[in-house]
Amino acid sequence: MAINQDQAQGKWDQIKGKAKRIWGELTDDDFLKAEGSADKLYGIIQERFGDGKEAIQRKLEDLHLP
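For the numbering used here, count along the sequence shown from 1 and bump the result up by 1085.
This is the structure in structure tokens:
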């Protein structure tokens, strides 16, 4: 199965998000932990559906989540 550039970027964002979250845990930085979790979520969605990060952000904003 061939993956597009957005899907590859999604995989990278997952790795980056996980690293940020772990670093946030090690340094007890709650903001960094939250940012890492958000990056990982974007990465998972991006890899699965092949959408760009901006498109994912718009879709999530349209859901009006708190």
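Glycine residues also receive a C-beta, built at the ideal position from the N, C-alpha and C atoms.
For the alpha helix (DSSP H) holding residue i, just list the boundary residues, first then last.
i       : result
Asp1147 : Lys1138 to Asp1147
Ala1123 : Asp1115 to Phe1134
Measure how close the beta-carbons of residue i and residue j come, nearest whole angstrom, since I'm counting them as under 8 Å.
i       : j       : result
Lys1125 : Lys1103 : 6 Å
Gly1121 : Gly1109 : 6 Å
State the Cα-Cα distance for the pair residue i and residue j, rounded to the nearest angstrom.
i       : j       : result
His1149 : Gln1142 : 11 Å
Phe1116 : Lys1101 : 15 Å
Gly1137 : Thr1112 : 30 Å
Inspect the beta-carbon positions of residue i and residue j and report whether they are closer than 8 Å.
i       : j       : result
Glu1132 : Gln1090 : no
Lys1105 : Gly1128 : no
Closer than 7 Å by C-beta to residue i: which residues in its own chain qualify, once you throw out the five before and the five after it? Chain order, please.
i       : result
Gln1094 : Gln1131
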